[in-house]
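Notes follow the structure.
In the UniProt record's numbering, the protein residues as written are 1 to 426.
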């Protein structure tokens, strides 16, 4: 007799006359009487064929891993049809008389479309690019200088116009080069060339840089594009009165060449007497372009350089010493000069007489010579008429005989003849 609760775990009770028996299901594999002792679900090898049975812990169940070509809970169904659609990765199953055929989408291959196709196998990427495979596609990672899907296009680095100041851009692989105009430099021709760098300006000039050029600010006294020329300060002829102009750096000097002028420009008349050109203590007087020497008595010449030697004829008698009165250097050697003697009145000569002799030759000489000059005579004997033209008695009385002889002898005149003629005028 089978009671409703006598068998557990979905087992089937089969009654007999004296007892009942529980027939356990295949899933539980109940081995005892009441089917309440559950064994390993895979113990009975529920999976068909070469399928693998896997117990699911805690669920008192199993899972069959079917080999290729089989399906079902226990792998009992051969997949000879598309009913189970075993194609992977979106493959489309087509029924074949013996087995299904998978039509794989692009990028996959294999019986069940389980294989991803390697699009990089054909090396589609060019110019050293790296190919990365993807699902039904690939990506090319280009090296610098190339672009495009397959990195087959060279990048034109000049498109962005990187070169400045109207420079020419030269495109190259992975880079560019700027051909700079004359006045610029730098990678992008962004730098203006400093034309003053080479120091083209000379003679202390200041160089001023400009766009594509430079100019020199010359120091005083120089000119030219590079200040290479010394300005000729003598061009304006600054030296006067024939002075020689000597050019220098930013200056000039005048050499007055002894032309009688002095000063920076030879503009000032130079006193000629500064050089004391007159000799023998003569008086110097300046003129416009020369000087005049006023000689003391006893000297002559343009510079009073010639001494008139009144003693050359030995006018002193009785061995008297003749001394030229104009020879001022000898005054200190002369003994017995009259106390009234002064250089300003000196002329002619004096006789220093020996003891026992006298004669004021100086006074007599001057008067008689003046007398003769008044008559207009030099060395010829005057006539009686001539001598009587003057008050000769006064002269005769003043001229001692010895003095008269000395003077007449000096003038080559006969002393007695002149004296007699003078007496006849009394």
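Backbone N, C-alpha and C define an ideal beta-carbon position, used for all residues, glycine too.
Cβ pair residue i, residue j closer than 7 Å
i           : j           : result
residue 256 : residue 266 : yes
residue 112 : residue 86  : yes
residue 114 : residue 88  : yes
residue 144 : residue 174 : yes
residue 440 : residue 194 : Shown here, the chain extends from 1 to 426; a query on residue 440 therefore has no answer.
residue 150 : residue 132 : no
residue 52  : residue 65  : yes
Closest residue to residue i among the options (Cα-Cα distance)
i           : options            : result
residue 75  : 214, 54, 122, 88   : 54
residue 39  : 52, 49, 59         : 59
residue 296 : 281, 290, 122      : 281
residue 163 : 175, 146, 188      : 188
residue 301 : 279, 158, 201      : 279
residue 468 : 67, 42, 65         : Residue 468 cannot be examined here, being either before or after the span of the chain that is shown, 1 to 426.
residue 251 : 258, 222, 307      : 222
residue 90  : 77, 73, 105        : 105
residue 156 : 149, 150, 170, 65  : 170
residue 260 : 207, 249, 253, 273 : 273
residue 227 : 201, 102, 306, 73  : 201
residue 427 : 47, 185, 203       : There is simply no residue 427 to check, as the chain begins at 1 and stops at 426 in what is shown.
residue 303 : 191, 312, 293      : 293
residue 137 : 124, 146, 103      : 124
residue 117 : 135, 50, 128       : 135
residue 161 : 248, 178, 152, 196 : 178
residue 225 : 101, 206, 276      : 206
residue 192 : 52, 73, 180        : 180
residue 277 : 263, 305, 254      : 305
residue 154 : 176, 307, 190      : 176
residue 238 : 148, 264, 199, 311 : 264
residue 316 : 198, 290, 196, 352 : 352
residue 73  : 249, 310, 308, 47  : 47
residue 165 : 275, 148, 190      : 190
Burial state of residue i (16 or more Cβ within 10 Å)
i           : result
residue 130 : exposed
residue 62  : buried
residue 394 : Interpretation of residue 394 is limited by its pLDDT of 37, a score under 50 that renders its predicted location unreliable; the figure taken from the coordinates is listed afterwards. Residue 394 should be labelled exposed.
residue 241 : buried
residue 121 : exposed
residue 167 : buried
residue 323 : buried
residue 68  : exposed
residue 107 : buried
residue 319 : exposed
residue 159 : exposed
residue 172 : exposed
residue 298 : buried
residue 258 : exposed
residue 204 : exposed
residue 49  : exposed
residue 405 : In this prediction, residue 405 scores a pLDDT of 47, lower than 50, which makes its location untrustworthy; no coordinate-derived value is stated.
residue 128 : exposed
residue 350 : buried
residue 243 : buried
residue 28  : Per-residue confidence for residue 28 stands at a pLDDT of 45, beneath the threshold of 50, marking its modelled position as unreliable; the derived number appears in the next sentence. Buried is the call here.
residue 141 : exposed
Opposing strand residues paired with residue i [DSSP bridges]
i           : result
residue 210 : 213
residue 56  : 61
residue 141 : 130
residue 307 : 299
residue 285 : 292
residue 268 : 262
residue 222 : 230
residue 159 : According to DSSP, residue 159 bridges with nothing at all.
residue 71  : 77
residue 191 : 185
residue 153 : 147
residue 118 : Answer is none; residue 118 lacks a bridge partner.
residue 179 : 168
residue 123 : Looking at the DSSP assignment, residue 123 forms no beta bridge with any residue, so it has no partner.
residue 49  : For residue 49, which the question treats as bridged, DSSP gives no partner whatsoever.
residue 321 : 352
Touching or not, the stretch 285-292 and the stretch 262-276, by the rule of three or more beta carbon pairs under 8 Å?
-> Between the stretch 285-292 and the stretch 262-276, the count of Cβ pairs shorter than 8 Å is three or higher; the stretches touch.
Is there contact between the stretch 232-245 and the stretch 202-218, where contact requires at least three CB pairs shorter than 8 Å?
-> In short, these stretches do not touch, since the Cβ pair count stays below three.
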